[in-house]
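Following: one structure in structure tokens, then a few remarks.
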Amino acid sequence: MADLVVGRDKCGEQRLVSLPLSRIRVIMKSSPEVSSINQEALVLTAKATELFVQYLATYSYRHGSGKEKRALTYHDLSDAAEESETFQFLADILPKKILASKYLKMLKEKEEEEEEEENNNDESDEAES
Amino acid sequence: MAERPEDLNLPNAVITRIIKEALPDGVNISKEARSAISRAASVFVLYATSCANNFAMKGKRKTLNASDVLSAMEEMEFQRFVTPLKEALEAYRREQKGKKEASEQKKKDKDRKADSEEQDKSRDEEIDEDEERLEEEEQNEEEEVDN
Numbered sequence: 001m002a003d004l005v006v007g008r009d010k011c012g013e014q015r016l017v018s019l020p021l022s023r024i025r026v027i028m029k030s031s032p033e034v035s036s037i038n039q040e041a042l043v044l045t046a047k048a049t050e051l052f053v054q055y056l057a058t059y060s061y062r063h064g065s066g067k068e069k070r071a072l073t074y075h076d077l078s079d080a081a082e083e084s085e086t087f088q089f090l091a092d093i094l095p096k097k098i099l100a101s102k103y104l105k106m107l108k109e110k111e112e113e114e115e116e117e118e119n120n121n122d123e124s125d126e127a128e129s
Numbered sequence: 001m002a003e004r005p006e007d008l009n010l011p012n013a014v015i016t017r018i019i020k021e022a023l024p025d026g027v028n029i030s031k032e033a034r035s036a037i038s039r040a041a042s043v044f045v046l047y048a049t050s051c052a053n054n055f056a057m058k059g060k061r062k063t064l065n066a067s068d069v070l071s072a073m074e075e076m077e078f079q080r081f082v083t084p085l086k087e088a089l090e091a092y093r094r095e096q097k098g099k100k101e102a103s104e105q106k107k108k109d110k111d112r113k114a115d116s117e118e119q120d121k122s123r124d125e126e127i128d129e130d131e132e133r134l135e136e137e138e139q140n141e142e143e144e145v146d147n
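Going down the list, the sequences are from chains L and Y. Take 1 as the starting number for the first sequence in full-length UniProt numbering and just add one per residue. Take 1 as the starting number for the second sequence in full-length UniProt numbering and just add one per residue.
Here you go:
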């Protein structure tokens, strides 16, 4: 685990985080209601994000079907978002993909369902009068 | 969220490096997967910030601090991050302490040199100045990162 704490930059010097703090700060500040961020919190958030990237990548790879091809694909990631509770918060930005033809079919089926309902209502009105 | 996640990106090169180092050698990462992970990372920052901020507000503080971030990780069910984060925090604090001591030492050396050149300056004055400087530096460290 100690390996994850420090990385090495181009000069071979140890660095705590690889992600740029300035960029992390911009993202954090875009959150409403956040007034200010102390330097330690900034460093920890950057570090946590790196740990997150590592975790998401390895989890998705291990559980994904891309493993046989020794590849990590988008599909692996969207699977993880859907199936793992920990990554549920990513479900909206990592949606599953379906073929356009399938989607159009789904839309059509929904339309037909709604039409049928309307027809049923009309019939029951007629029956009453 | 005030801005769409796509506008708040992290550098591709760094993200790619982190992914590559985490996965076994020779594993190919599709461009789509890479971009998806990058977006996920940005969303993670937002989610973590919002969560940490709740803890700060609970503590009636306006400034997010380290413990807020650690509490957020637990809340988000990333307990596995807590130990490595605590280690990173220790390392960061040691580094900061080292830097502070180094710069104080430099100033002391500089003053000692100035003292020997200006024999009129009294000892007492110097010590007061050092103490003031120390206090100032401590204050500066506690202040939030300026915008």
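Note that CB positions come from ideal geometry on N, CA and C, so glycine has one too. Only a predicted model underlies this, so the values are computations on that prediction, with no experimental measurement involved.
> Using a C-beta to C-beta distance shorter than 8 Å, which residues of chain L count as neighbours of E32/Y?
Replying inline: T73, Y74
> Exposed or buried, what is E50/L when buried is set at 16 or more other beta-carbons lying within 10 Å of its beta-carbon?
Replying inline: buried
> Which one or two residues does DSSP pair with I37/L in a beta bridge?
Replying inline: L64/Y
> Is the CB of N28/Y under 7 Å away from at least one CB in chain L?
Replying inline: yes
> Does the Cβ of S35/L have 16 or more other Cβ atoms within 10 Å, making it buried, or fewer, making it exposed?
Replying inline: exposed
> Using a threshold of 6 Å, is the CB atom of L64/Y nearer than that to any non-hydrogen atom of the ligand NAP?
Replying inline: As presented, the structure is devoid of all ligands, the ligand NAP included, so that no description of it is given.
>> Determine, for K62/Y, whether the minimum Cβ-Cβ distance to residues of chain L falls below 7 Å.
In response: Output row for K62/Y: interface = yes.
> N121/L by DSSP, collapsed to three states: which one?
Replying inline: helix
> What does DSSP give as the partner residues of A71/L in its beta bridges?
Replying inline: N28/Y
>> For chain Y, check one thing: does any of its Cβ atoms lie closer than 7 Å to the Cβ of K105/L?
In response: When Cβ-Cβ separations below 7 Å define contact, K105/L makes no contact with chain Y.
> Can we say the segment 65-80 of chain L touches the segment 91-102 of chain L, given the rule of at least three CB pairs closer than 8 Å?
Replying inline: Yes, they touch.
> What does a CB cutoff of less than 6 Å around C11/L pick up in its chain, not counting 5 residues either side in sequence?
Replying inline: Confidence in C11/L is poor, its pLDDT being 48 and thus under 50, which makes the residue's placement unreliable; the coordinate value appears in the next sentence. Excluding sequence neighbours, C11/L sits near nothing in its chain.
> Is DSSP giving A52/Y helix, strand or coil here?
Replying inline: helix
> Would you call the CB atoms of V26/L and K47/L closer than 7 Å?
Replying inline: In this structure, V26/L keeps its C-beta atom at 7 Å or more from the C-beta atom of K47/L.
> Among the residues of its own chain, which have a CB less than 6 Å from the CB of K20/Y, if the five just before and after it don't count?
Replying inline: none
>> Just to confirm the assignment, what range does the alpha helix (DSSP H) spanning M76/Y have?
In response: No alpha helix (DSSP H) contains M76/Y, which DSSP labels as neither H nor E.
> If we cut at 7 Å on Cβ distances, does E68/L have a partner in chain Y?
Replying inline: no
>> Does chain B have any CB closer than 7 Å to the CB of Q54/L?
In response: No chain B is present in this structure, whose protein chains are L and Y.
>> Rounded to the nearest angstrom, what separates K86/Y and E112/L at their Cα positions?
In response: 57 Å
>> Does G59/Y pass the burial test, meaning 16 or more other C-beta atoms within 10 Å, or should it be called exposed?
In response: Exposed is the call here.
>> So K47/L contacts chain Y; which residues on that side make the cut at Cβ distance below 8 Å?
In response: P84, L85, A88
> Whose Cβ in chain Y lies nearer than 7 Å to the Cβ of A57/L?
Replying inline: Correct list: I19, A22, L23, I37.
>> Can you tell me whether E111/L is helix, strand or coil according to DSSP?
In response: Under the three-state reduction of DSSP, E111/L is assigned to helix.
>> Short of 7 Å in beta carbon distance, which residues of its chain neighbour L89/Y, apart from the five on each side in sequence? Order them along the chain.
In response: A66
>> Contact criterion: CB-CB distance below 7 Å. Does S101/L meet it with respect to chain Y?
In response: Not one beta carbon of chain Y lies nearer than 7 Å to the beta carbon of S101/L.
> In three-state terms, what does DSSP make of V43/Y?
Replying inline: The answer is helix: DSSP assigns V43/Y an H, G or I state.
> Got a sec: is the Cβ-Cβ distance from S65/L to anything in chain Y below 7 Å?
Replying inline: no
> Between the Cα of S35/Y and the Cα atoms of N54/Y, E117/Y, R17/Y, which residue gives the shortest distance?
Replying inline: R17/Y
> Comparing alpha-carbon positions, which option in A72/Y, R61/Y, F81/Y, L46/Y lies nearest P32/L?
Replying inline: L46/Y
> Looking at the C-beta of I98/L, does it have a partner C-beta in chain Y at a distance below 7 Å?
Replying inline: no
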